[in-house]
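Asker:
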Amino acid sequence: MSDIDGRAVAAALRAEVAADAARLREEGIVPTLAVVVPTDDEGTAWYVRSIGKAAEKEGIDCRIEHLKDPGRDEIVAKLQELSADPAVHGVICQTPLPEGVTLSQVGGYISPYKDVDGANSESLGRLAAGLRTFPPATAAAVLELLKREDLVLDGAKAVVVGRSTVVGKPAALLLLNESATVTVCHSRTKELAAVCREADVLVAAVGRAGMINADFVKPGATVIDVGTNPTADGGLVGDVDYASVAPIAGRLTPVPRGVGPVTTAILLRHTVIAAELTKTHG
152 MSDIDGRAVA AALRAEVAAD AARLREEGIV PTLAVVVPTD DEGTAWYVRS
202 IGKAAEKEGI DCRIEHLKDP GRDEIVAKLQ ELSADPAVHG VICQTPLPEG
252 VTLSQVGGYI SPYKDVDGAN SESLGRLAAG LRTFPPATAA AVLELLKRED
302 LVLDGAKAVV VGRSTVVGKP AALLLLNESA TVTVCHSRTK ELAAVCREAD
352 VLVAAVGRAG MINADFVKPG ATVIDVGTNP TADGGLVGDV DYASVAPIAG
402 RLTPVPRGVG PVTTAILLRH TVIAAELTKT HG
């Protein structure tokens, strides 16, 4: 078994992003990402700071928009304002959101041209239709990792465990668009382990620490672990029981150092692409 090094993939992506951002700056376009932060959650604050630092390194301006105790209307107003601002190319809304507010309620107010993390339901619809769009960055990171490993997805059996609109569904659609044969599993799937053992590519995005163990994995399969479950000592573990799966899988993403770094790099790439698109749609 070999680990898939997410940090190496992210570094390669960021080098490409930096080159594209430098070219756009020479043309007078400053790629700009706006991050709306409607929470005081410390984990979110750490992640937002990491986005800002990464953006700065790659020549992307990052505007952090903190909202203090916002309601739905205030969040919507800020997303509309940023979507209308010609100086802003990418807009994301961080979670968790205030009680009673869901991303599906507010994400639709992000312009599809600037929806670099796929929060607008229109983006998911375009993905389902095979049209150009920005998928959620984590789902796009799954596909990026697979492609950078030179895996042949055409005709491969892929199983995605999890059906969220943030990861599971868009990851399945991205794999389907690559001509993989895709099965989406969830909490009501019968004989889940047996279904997963059929997979050449297994994507774990269920949000339960260590749920995917050796019984779920076909020998030699590629396993992408999307899980980020906090531990009592402040660490992170994935949805995959690494110790039991590692001897069986052909390739496996660790947690951390797997999907996470690539997700941030994808957000930056989407922002640069959105900036590039302003030359055609204004």
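For this note's numbering, add 151 to where a residue sits in the sequence shown, where the first one is 1. For glycine and all other residues, C-beta sits at the position ideal for the given N, C-alpha and C. If you're wondering where the values come from, they're calculated on a predicted model, not measured in any experiment.
Given a cut-off of 8 Å on the beta-carbon distance, is the pair residue 323 and residue 335 in contact?
Answerer: Contact: yes.
Asker: Near residue 333, what residues of its chain come up, given a Cβ to Cβ distance below 6 Å and the 5 sequence neighbours on each side ignored?
Answerer: Excluding the 5 residues flanking it on each side, residue 333 has same chain C-beta neighbours closer than 6 Å at 309, 323, 326, 327, in chain order.
Asker: Using C-beta distances below 8 Å, list every residue in its chain close to residue 248, excluding the 5 sequence neighbours before and after it, in chain order.
Answerer: 189, 190, 226, 254, 257
Asker: In this structure, what does DSSP give as the bridge partners for residue 337?
Answerer: In DSSP, residue 337 forms no bridge with anything.
Asker: Quick one: any contact between the segment 215-226 and the segment 278-285, if contact means 3 or more CB pairs under 8 Å?
Answerer: no
Asker: Where does residue 216 fall in DSSP's three states?
Answerer: DSSP, reduced to helix, strand and coil, places residue 216 within a strand of the structure shown.
Asker: Closest to residue 154 by CA distance: which of 426, 285, 393 is it?
Answerer: 393
Asker: Report the rounded CA-to-CA distance for residue 430 versus residue 351, giving the unit in angstroms.
Answerer: 41 Å
Asker: Measure the Cβ-Cβ separation of residue 184 and residue 211 and say whether it is below 8 Å.
Answerer: yes
Asker: Who are the near neighbours of residue 216 in its chain, counting only those whose CB is closer than 8 Å to its CB and skipping five residues on each side?
Answerer: 185, 186, 187, 188, 229, 233
Asker: Tell me, please, whether the segment 416-430 touches the segment 382-390 by the rule of three or more beta-carbon pairs shorter than 8 Å.
Answerer: no
Asker: Write down the C-beta distance between residue 157 and residue 386 rounded to the nearest angstrom, noting that I regard them as a contact closer than 8 Å.
Answerer: Not confirmed; about 16 Å, so no contact.
Asker: With three or more beta-carbon pairs closer than 8 Å as the criterion, would you say the segment 294-308 touches the segment 335-345?
Answerer: no
Asker: To the nearest whole angstrom, what separates the beta carbons of residue 356 and residue 377, a pair I think is in contact under 8 Å?
Answerer: Yes, residue 356 and residue 377 are in contact; Cβ-Cβ is about 4 Å, under 8 Å.
Asker: Using the beta-carbon count (16 or more within 10 Å), is residue 274 buried or exposed?
Answerer: The Cβ neighbour count for residue 274, taken over all protein chains shown within 10 Å, is at least 16; the residue is labelled buried.
Asker: Determine the direct distance from the alpha carbon of residue 288 to that of residue 371, and round the result to whole angstroms.
Answerer: 27 Å
Asker: Going by the CB atoms, is the gap between residue 165 and residue 416 shorter than 8 Å?
Answerer: Residue 165 is positioned such that its CB atom lies closer than 8 Å to that of residue 416.
Asker: Among residues of its own chain, excluding the 5 on either side of residue 319, which ones have a beta-carbon nearer than 6 Å to its beta-carbon?
Answerer: Only 311, 313, 356 meet the Cβ criterion.
Asker: So, at 6 Å on beta carbons, what are the nonlocal neighbours of residue 367 in its own chain, with the 5 sequence-adjacent residues on each side left out?
Answerer: 344, 347
Asker: For residue 173, collect the residues of the same chain with a Cβ closer than 8 Å to its Cβ; drop the 5 residues on either side in sequence, then sort them by chain order.
Answerer: Excluding residues within five positions, the ones whose Cβ falls inside 8 Å are 210.
Asker: I need the straight-line Cα distance from residue 331 to residue 299, nearest angstrom please.
Answerer: So the alpha carbons of these two residues sit roughly 16 Å apart.
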